[in-house]
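Single-structure report; data block below.
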Amino acid sequence: MTFPTDRIIMKKYFFSVASILILIFSVIGFSDNLFTDVGQKSNSDPKFIIHGLFCFAWIIILVIQANFIRKRNIKAHMKLGIAGMVAAAGVFLTTLYIFVVIYKGWDVMPYYVKSNRIFMPLFGIWVWLGYRYRKKPILHKRYMYIGTLYMLGPILDRAIDHFYLDTIVSEDVMYDIIVKIIWSLFFIFLFIYDRVTLKKVHFLSMLGFGLFILTWLVAIYS
């Protein structure tokens, strides 16, 4: 049973809190590039610098946009939307370039790289649909949120390294189980949000999670 105040709180704060959590994981994951090991090789490689800037721009814009909606500043939200689409296009194109330059063929990719290669087109499609349905808030916010979840793999992989779990569990458990659980929780919390605010799980939320599971199955068994 939920109460009206539960729905109000969830509607007002869910996407703000979720986007801030994504930003926190991003900062933790890439804290070595940003703060503790700025002299590393990737920090002087243009393709990684540009890619990182676009990724952080997208996530920061996501946080700002969620905050605009929380404050009901629709006008500012719509104005910043174009910048968000530019950042999303930058994420997509720079990721595609990195895949082409580094990985020569599907068969030589580890399964998690295969999954990221599938997730990136999904990110592009869902974000584009989010823009396409920008005047339908129920669809728009789910497209944007789920699209962002599809790009979380490298972020969570990097972030979990900074929790020193390798002193407790094996690397296989860290990356194959713990990362997947954390990643899945972002979808599960969306289901909870749906149940509280809509009294049912939205079709897009189920579809988004279904594609998430399907991607991993394809990546693991192909």
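With our numbering applied, the sequence shown corresponds to residues 1 to 222, in that order.
C-beta atoms are modelled at their ideal positions from N, C-alpha and C, and glycine is treated no differently.
If you draw a straight line from the C-alpha of Leu207 to the C-alpha of Tyr143, how long is it? On the sequence shown, residue 207 is found 207 positions in, with the first residue counted as 1. On the sequence shown, residue 143 is found 143 positions in, with the first residue counted as 1. Leu207 and Tyr143: Cα-Cα distance of roughly 11 Å.
Rounded Cβ spacing between Phe187 and Leu149 (contact assumed at less than 8 Å): Taking the sequence shown and counting its residues from 1, the one referred to as residue 187 is at position 187. Taking the sequence shown and counting its residues from 1, the one referred to as residue 149 is at position 149. About 7 Å; that satisfies the 8 Å criterion.
Compute the Euclidean distance between the alpha carbons of Val38 and Pro46, then round it to the nearest angstrom. In the sequence shown, the residue the question calls residue 38 occupies position 38. In the sequence shown, the residue the question calls residue 46 occupies position 46. Roughly 14 Å separates the two Cα atoms.
Whole angstroms is fine: what's the gap from Met174's alpha carbon to Leu165's? Counting from one through the sequence shown, the residue named residue 174 turns up at place 174. Counting from one through the sequence shown, the residue named residue 165 turns up at place 165. In a straight line, the C-alpha of Met174 is about 7 Å away from that of Leu165.
Nearest by alpha-carbon distance to Val179: which of Lys199, Asp194, Pro154, His202 is it? Translated into the one-based positions of the sequence shown, residue 179 becomes position 179. Checked all of Lys199, Asp194, Pro154, His202; the closest Cα to Val179 is Pro154.
Residues of its chain near Phe25, where Cβ-Cβ distance is below 7 Å and the 5 sequence neighbours each way are ignored: Here residue 25 refers to the residue found at position 25 of the sequence shown. Excluding residues within five positions, the ones whose Cβ falls inside 7 Å are Ile155, Leu156, Ala159.
Simplified DSSP state of Asn73, which is helix, strand or coil: Mapped onto the sequence shown, residue 73 falls at position 73. Coil, per DSSP.
In the DSSP assignment, find the unbroken alpha helix (DSSP H) run with Thr215 in it and report its ends. Stepping through the sequence shown from its first residue, residue 215 is reached at position 215. Residues 203–221.
How is the alpha helix (DSSP H) around Phe189 delimited, first residue to last? The residue you call residue 189 lines up with position 189 of the sequence shown. Residues 179–198.
Same chain, Cβ closer than 6 Å to Gly29, neighbours up to 5 away in sequence not counted: As a working mapping, residue 29 is identified with position 29 in the sequence shown. Contacts found: Ile155, Arg158, Ala159.
Using the three-state DSSP reduction, which class does Ile168 fall into: helix, strand or coil? On the sequence shown, residue 168 is found 168 positions in, with the first residue counted as 1. If DSSP states are grouped into helix, strand and coil, Ile168 belongs with coil.
Report buried or exposed for Thr36, applying the criterion of at least 16 other Cβ atoms within 10 angstroms of its Cβ. In the sequence shown, counting from the first residue as 1, residue 36 sits at position 36. Classification of Thr36: exposed, given that the 10 Å Cβ count is below 16.
Between which two residues does the alpha helix (DSSP H) holding Trp126 run? In the sequence shown, the residue the question calls residue 126 occupies position 126. Note, Trp126: alpha helix (DSSP H), 111–132.
Measuring straight from C-alpha to C-alpha, what distance separates Thr197 and Ile8? The count along the sequence shown starts at 1 and reaches residue 197 at position 197. The count along the sequence shown starts at 1 and reaches residue 8 at position 8. The alpha-carbon atoms of Thr197 and Ile8 are separated by roughly 8 Å.
For Thr94, count neighbouring C-beta atoms within 10 Å of its own C-beta (all shown protein chains included) and say buried if the count is 16 or more, exposed if not. In the sequence shown, residue 94 corresponds to position 94, counting from 1. Thr94 comes out buried.
Looking only at its own chain, which residues have a Cβ that is under 7 Å from the Cβ of Ile50, when we skip the five neighbours before and after it? Walking along the sequence shown from the start, residue 50 turns up at place 50. Excluding positions up to five away in sequence, the list reads Thr94.
Tell me, to the nearest whole angstrom, how far the beta carbon of Tyr193 is from that of Phe14; I am working on the premise that it is less than 8 Å. On the sequence shown, residue 193 is found 193 positions in, with the first residue counted as 1. On the sequence shown, residue 14 is found 14 positions in, with the first residue counted as 1. The pair is a contact, with the Cβ atoms about 5 Å apart (cut-off 8 Å).
For Val108, three-class secondary structure by DSSP: Residue mapping note: residue 108 aligns to position 108 of the sequence shown, counting from 1. Helix at Val108.
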